[in-house]
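Numbering (mature numbering (1 follows the signal peptide of the UniProt record, and there is no 0)) for the sequence shown: -15 to -1, 1 to 175.
Notes follow the structure.
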Amino acid sequence: MKLLILSALLASACAFPQRNNDYDHHQQHQQQHQPQQQQQHQHQQNIEKRTQETTTWIPILKYNKEQGEDGSYKTEYQTGNNIVHEESGYLKDFSDAHPNGVLVQQGAYSYEAPDGQIIHVQYTADEKGFRVTGDHLPTEPPIPEGIRKGLEEIYAGIKRREQEAKSNPKYAETAAQRAELDYNGQYYHQ
């Protein structure tokens, strides 16, 4: 009987720390996840608040879309915040190089910039790429007069040499030798 009581006592003593460890581990796990859950809940509330503050419903005032059987289309829409868009497209150039054709898209859109200026943009997209124009887009500056004249003189000199080479075989031979010297890094000076 003493052996039985001693065995029961030993078994309960061995089992007691295991239950306590499990309980402590469960408590720690809950405490670790509770701040995360609170943070997630707070984050969700912040997102909802920002969404309510910044999202404004903008009506679509006009929307039309026409689709042709040949692949052509035309679409246009206008929104309540002054965005206007029109676009048309069609397929062209059915050939061996382009068995499915080339899609050509042309369109325009406008919108109001934050400073109140109305921005107008026209564009074309085809086999040559996407090209856009608009008054608000920067353009390349004109070539300064001195540089333009210098380039014209260079091109005129090239043309003179080409004409001289055609009319004078000796000049052509000399020019070829000069070009070879220049190519090899032995520059020819007149």
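Positions of the beta carbon are idealized from the N, C-alpha and C atoms, including for glycine.
By the three-class DSSP mapping on this structure, what secondary structure does residue i have?
i    : result
G92  : strand
T41  : coil
T60  : strand
E158 : helix
Q102 : coil
E125 : coil
Look at the alpha carbon of residue i and the alpha carbon of residue j, and state the distance between them as a whole number of angstroms.
i    : j    : result
K151 : D167 : 21 Å
F79  : R116 : 22 Å
N6   : W42  : For N6, the pLDDT reaches just 49, beneath the cut-off of 50, and the residue's location in the model is therefore unreliable, leaving the point undetermined.
P126 : I139 : 21 Å
P99  : N67  : 12 Å
T60  : G74  : 9 Å
E130 : E137 : 11 Å
Q148 : H121 : 45 Å
K155 : R163 : 12 Å
T109 : D81  : 24 Å
L76  : K50  : 17 Å
T159 : R145 : 15 Å
Q29  : Q63  : 33 Å
G86  : H105 : 30 Å
N169 : I128 : 33 Å
E54  : P84  : 18 Å
E161 : G114 : One point to set straight first is that residue 161 is Ala, not Glu, in the sequence displayed. Going by the C-alpha atoms only, they are around 39 Å apart.
Would you kindly report the start and end of the unbroken alpha helix (DSSP H) that includes residue i?
i    : result
K134 : 130 to 152
Where does the unbroken beta strand (DSSP E) through residue i begin, and where does it stop?
i    : result
K113 : K113 -> no beta strand (DSSP E), and no H or E assigned at all.
G53  : Where G53 is concerned, there is no enclosing beta strand (DSSP E), given that its DSSP letter is neither H nor E.
G74  : 69 to 77
Taking Cβ positions, are residue i and residue j nearer each other than 7 Å?
i    : j    : result
Y48  : H70  : no
Q107 : T118 : yes
G56  : E72  : no
I103 : E97  : yes
L46  : G65  : yes
The ligand GDP and residue i: does the residue's C-beta get closer than 6 Å to at least one heavy atom of that ligand?
i   : result
N66 : The ligand GDP is not among the ligands present in this structure, which contains no ligands whatsoever.
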